[in-house]
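The numbering of the sequence shown is the working numbering, which starts it at 22 and goes up by one.
Glycine is no exception: its CB is placed at the ideal position from the N, C-alpha and C atoms.
Take a look at the structure set out below.
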Amino acid sequence: MRILLLTISFNLLCLLCSAQKNVDSLKHFYTSKIEMLLDKEKALQPYYTINDSGIFINAKTKENTFYREFGVEWSELDTVKKILNHFSDDSLISFINSREPLSTLAYSETNRKQNFENKKQLSGIKIAIDPGHIAGDMKTAMLEKKYIQFNYNNQPIAITEGVLTLQTALILKHLLEEQGAEVMLTREKSNQTAFGITFKEWLEKHFKNAVDSSYKLNEITEQEKTFLLTKATQREIFRSYFNNLDMRQRAKKINEFSPDLSVIIHYNVDEKNTGWKKPSDKNYNMIFVAGSFLKNELEKPIDRLSFFRLLLTDDTEQSTKLAENLMKCFTAKLNVPTADSTTADYLTKYCITKSKGVYARNLTLTRLIKGVVVYGETLYQDNASECIELSRMNTEVFGIKTSARIKQVAEAFYEGIISYLKE
Ligand SMILES: [Zn+2]
Numbered sequence: 022m023r024i025l026l027l028t029i030s031f032n033l034l035c036l037l038c039s040a041q042k043n044v045d046s047l048k049h050f051y052t053s054k055i056e057m058l059l060d061k062e063k064a065l066q067p068y069y070t071i072n073d074s075g076i077f078i079n080a081k082t083k084e085n086t087f088y089r090e091f092g093v094e095w096s097e098l099d100t101v102k103k104i105l106n107h108f109s110d111d112s113l114i115s116f117i118n119s120r121e122p123l124s125t126l127a128y129s130e131t132n133r134k135q136n137f138e139n140k141k142q143l144s145g146i147k148i149a150i151d152p153g154h155i156a157g158d159m160k161t162a163m164l165e166k167k168y169i170q171f172n173y174n175n176q177p178i179a180i181t182e183g184v185l186t187l188q189t190a191l192i193l194k195h196l197l198e199e200q201g202a203e204v205m206l207t208r209e210k211s212n213q214t215a216f217g218i219t220f221k222e223w224l225e226k227h228f229k230n231a232v233d234s235s236y237k238l239n240e241i242t243e244q245e246k247t248f249l250l251t252k253a254t255q256r257e258i259f260r261s262y263f264n265n266l267d268m269r270q271r272a273k274k275i276n277e278f279s280p281d282l283s284v285i286i287h288y289n290v291d292e293k294n295t296g297w298k299k300p301s302d303k304n305y306n307m308i309f310v311a312g313s314f315l316k317n318e319l320e321k322p323i324d325r326l327s328f329f330r331l332l333l334t335d336d337t338e339q340s341t342k343l344a345e346n347l348m349k350c351f352t353a354k355l356n357v358p359t360a361d362s363t364t365a366d367y368l369t370k371y372c373i374t375k376s377k378g379v380y381a382r383n384l385t386l387t388r389l390i391k392g393v394v395v396y397g398e399t400l401y402q403d404n405a406s407e408c409i410e411l412s413r414m415n416t417e418v419f420g421i422k423t424s425a426r427i428k429q430v431a432e433a434f435y436e437g438i439i440s441y442l443k444e
């Protein structure tokens, strides 16, 4: 009898021991993930608690004290991990406000129909593409300040980034669709915003209502509201207000589409060539993924929710894998070197290096788009040879008149996506 009791208590002890070991390894895993990926300045400690019970997010009061806002017990970790990408941020935040534990949120898993009769390699895969910026002409490009314009060797150079990104996105869309993928673009035409209309049309139809609703939601102060409605120029409205709404609309569209992966397409410039009135001899590729929050970037509930989601899911790990595949193709196909931390000041100020040329950076879109998402910044538009190549409309592909260099960039994105999906 005594031996039996001893055996039972010994087994119980072993069980407790291994449970504690499991909790310790979870604590270690999530604490180091925050240090390695999410907390750029090692200043976010008050906003989270990782202990023997679980992971908890804390909010700040007006008196600068912190209180527990929401979180997950270790026993419910797997359930909550699955929930996070199935609900919109708004519905999660109102659920959090109701003080119910996240694990009680019910959802039904939707199985995506795979078309097995279709033998194309991307059949059943959904891909979202966001062509950066809006401008399709120099006037709009000046409004959003995304252009370069100068004379080089007696040749006038005028490049709007919104044109480069849209042409790249359209070619990439065709390449992916040829292989059976379902592709969604956040904007499909020149000068079109994520709302499906031009900025001018948005100003006429939606500006006043948008400002009113932003004010009601406490997103802008009364002073800002008055300034926007009475004094602000179109340029000021665009840069200080509309741009952020457009970003959020892009993220919303993509999240509603629920893709297997998302790519955001941009072309870079040399940050030290300010004014962009002359060509630069520099040229680099870089890619951003989510992470690297700065010390004042967890003040809003939606940001704390994003932080929690990125901590619990493996979205950033998968995004880094996609980014690494893309970077290999960018370097090989475009013959442009990979950025390192000395390439630009923003890489050391705001980013955490994940791997060669791949950086975690807390951009609106890397933060708001759920799932696998990369933000590609290929080559420098103001580079001496690139600005000439990008200006030459010397080829036509899928009915799109474009530069052979843009076609190459689209192909590099395509090859990177294929090699990631094959992994
Ligand atoms: Zn850009």
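With the cut-off set at 8 Å, would you say residue i and residue j are in Cβ contact?
i, j, result
"Asp-403", "Ser-301", "yes"
"Ser-441", "Lys-354", "Reading off the sequence, residue 441 comes out as Tyr, not Ser. The answer is no: Cβ separation not under 8 Å."
"Leu-332", "Lys-63", "no"
"Ile-78", "Tyr-88", "no"
"Gln-188", "Ile-421", "yes"
"Gly-183", "Lys-167", "yes"
"Ile-192", "Ala-431", "yes"
"Ala-360", "Leu-347", "no"
"Ala-344", "Val-310", "yes"
"Gly-312", "Ala-381", "yes"
"Arg-325", "Ala-149", "no"
"Gly-153", "Ile-285", "yes"
"Phe-259", "Leu-164", "yes"
"Leu-282", "Val-357", "no"
"Phe-351", "Phe-328", "no"
With distances taken from CA atoms, which of the options is nearest residue i?
i, options, result
"Gly-75", "Asn-356, Leu-282, Ser-46", "Ser-46"
"Ile-178", "Asn-317, Glu-444, Met-414", "Met-414"
"Asp-60", "Lys-428, Lys-370, Arg-120, Glu-432", "Lys-370"
"Tyr-10", "Gly-153, Lys-102, Ser-119, Ile-148", "Not covered by the structure: residue 10. The range shown for the chain is 22 to 444."
"Lys-83", "Glu-243, Met-268, Lys-321, Leu-185", "Lys-321"
"Lys-160", "Glu-209, Phe-220, Glu-198", "Phe-220"
"Ser-340", "Arg-325, Pro-280, Asn-304", "Pro-280"
"Ile-323", "Ser-211, Ala-405, Leu-126, Ser-112", "Ser-112"
"Ala-433", "Ala-190, Leu-249, Thr-416, Ser-115", "Ala-190"
"Ser-109", "Leu-126, Arg-256, Leu-224, Lys-246", "Leu-126"
"Leu-445", "Phe-263, Arg-269, Leu-319, Ala-40", "Outside the shown range of the chain, which is 22 to 444, sits residue 445, and nothing can be said about it."
Is DSSP giving residue i helix, strand or coil here?
i, result
"Gly-183", "helix"
"Asn-356", "coil"
"Leu-65", "coil"
"Arg-89", "strand"
"Phe-137", "Residue placement at Phe-137 cannot be trusted, given a pLDDT of 46 that sits under 50; the coordinates are not used to answer."
"Leu-126", "coil"
"Asn-346", "helix"
"Leu-386", "helix"
"Glu-444", "coil"
"His-287", "strand"
"Glu-56", "helix"
"Asp-151", "strand"
"Leu-250", "helix"
"Met-268", "helix"
"Ser-46", "helix"
Using a Cβ-Cβ cutoff of less than 6 Å, which residues in the same chain neighbour residue i once the five nearest sequence positions on both sides are dropped?
i, result
"Gln-200", "Lys-141, Gln-142, Leu-143"
"Met-307", "Ala-360, Gly-378, Glu-398"
"Phe-137", "With a pLDDT of 46 at Phe-137, under the threshold of 50, the modelled position of that residue is not reliable, and the figure given next carries that caveat. Counting only Cβ-Cβ distances below 6 Å, and skipping sequence neighbours, we find nothing."
"Thr-242", "none"
Beta carbon of residue i: closer than 7 Å to some heavy atom of ligand 1?
i, result
"Gly-157", "no"
"Glu-182", "yes"
"His-49", "no"
"His-227", "no"
"Gly-153", "yes"
"Lys-166", "no"
"His-287", "yes"
Using a Cβ-Cβ cutoff of less than 7 Å, which residues in the same chain neighbour residue i once the five nearest sequence positions on both sides are dropped?
i, result
"Asp-73", "Val-44"
"Ala-272", "Leu-386, Leu-389, Ile-390"
"Phe-91", "Ile-78, Ile-117, Leu-123"
"Ser-362", "Leu-368, Thr-369, Thr-374"
"Ser-96", "none"
Using a Cβ-Cβ cutoff of less than 8 Å, which residues in the same chain neighbour residue i once the five nearest sequence positions on both sides are dropped?
i, result
"Lys-226", "Ile-218"
"Ile-169", "Ile-178, Ala-179, Ile-180, Val-290, Trp-297, Gln-402, Asp-403, Cys-408"
"Met-57", "Ile-373"
"Val-232", "Ile-241, Lys-246, Leu-249, Leu-250, Tyr-262"
Counting contacts by CB-CB distance shorter than 8 Å, is residue i in contact with chain E?
i, result
"Asn-230", "This model lacks chain E altogether, as it is built from one protein chain only."
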